[in-house]
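Enquirer: Using numbering that gives the first Met the number 0, you'd call the opening residue of the sequence shown number 0 and step up by one each time.
Every residue, glycine too, gets a C-beta built ideally from N, C-alpha and C.
As the structure is a prediction and not an experimental result, all values here were calculated from the model.
Below are the structure tokens for one structure; questions will follow.
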Amino acid sequence: MKRTQKTNTREGLLDAAEAVVIEQGVGAMTLEAVAARAGISKGGLLYHFPSKDAVVRGMVSRIASIVRERFAADLANEPPGQGRHARALLHMLLDTEGSLAPRLQRVAGPLLGAASNNPKMLEPIQNFFQGVHQGMLNDGFPADRSWLVLAALDGLKYWKIFGILHPSEQDLAGLRLLLTRIIDEASL
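Rendered as structure tokens:
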């Protein structure tokens, strides 16, 4: 019972931190602001997260967990064999109708900025992508194609997160077709 309550409190605090980041930016995400948004004392927040870095690490870990769960669901829908991990990643990162993209877009940019001061905070995301890459290789997908797919999808992801470029739906559909063809040709 206590573990569930503690988990719920941690999730509520991460929700509050996410709301502060979205509404006011990562610079405004102080321990005081998160505690106030969550409706608890700063001491209550410190019990769960002893520093601002711990809050950011918690937020990054939660994002990585959400991404892992979504990827696992997409992977389960793919038939075994070459290209399985690549197709699942393609589907996950180019899914414009799912709930994953908008949430990540709102929070990921500010968090990446905050984590740039301490790259160890990005380990959960790094571990996810290293696992996906290794999964591609384990599927028998060629290494050069796996790097190409990862680089293309990461580029698109960061364009969205940081608002760098805005490919049209038609452009994205064309990219999806091209990447699918690259994956399928490598899997023959």
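1) Could you tell me the boundaries of the alpha helix (DSSP H) in which aspartate 52 lies?
2) Mind checking whether histidine 84 and asparagine 137 have CB atoms under 9 angstroms apart?
3) What would DSSP say about proline 129, mapped onto helix, strand or coil?
4) Do methionine 135 and aspartate 52 have their CB atoms nearer than 9 angstroms?
5) Taking three-plus beta-carbon pairs below 8 angstroms as touching, is the stretch 122–131 in contact with the stretch 59–68?
6) For the alpha helix (DSSP H) that isoleucine 182 lies in, which residues bound it at each end?
7) Could you pull out every residue in the same chain whose Cβ sits closer than 6 angstroms to the Cβ of leucine 74, ignoring the five residues on either side in sequence?
8) Looking at glutamine 81: is its Cβ nearer than 9 angstroms to the Cβ of glycine 130?
9) What's the call for lysine 41, buried or exposed, on a 16-neighbour Cβ count within 10 Å?
10) Using only alpha-carbon positions, find the residue among Arg175, Pro166, Ile181 and Ile160 that is nearest to tryptophan 146.
11) To which residues of the same chain is arginine 67 closer than 8 angstroms at the C-beta, ignoring the five residues directly before and after it?
12) Which one of Arg144, Pro49 and Gly43 has the shortest CA to CA distance from threonine 8?
13) Quick one: Cα of aspartate 153 to Cα of aspartate 94, how far?
14) Confirm, please, whether the CB-CB distance from proline 109 to valine 20 is below 9 angstroms.
15) Could you give the distance in angstroms between the alpha-carbon of alanine 172 and the alpha-carbon of glycine 11?
16) Asparagine 117 by DSSP, collapsed to three states: which one?
17) Taking the alpha-carbon of alanine 35 as reference, which of Pro49, Ala18, Asp143 and Ile163 has the nearest alpha-carbon?
Expert: On the basis of the supplied data:
1) 51–75
2) yes
3) Looking at the sequence shown, residue 129 is not proline but glutamine. If DSSP states are grouped into helix, strand and coil, glutamine 129 belongs with the helices.
4) no
5) yes
6) 168–185
7) Ala87
8) no
9) exposed
10) Ile181
11) Phe127
12) Gly43
13) 14 angstroms
14) yes
15) 37 angstroms
16) coil
17) Ala18
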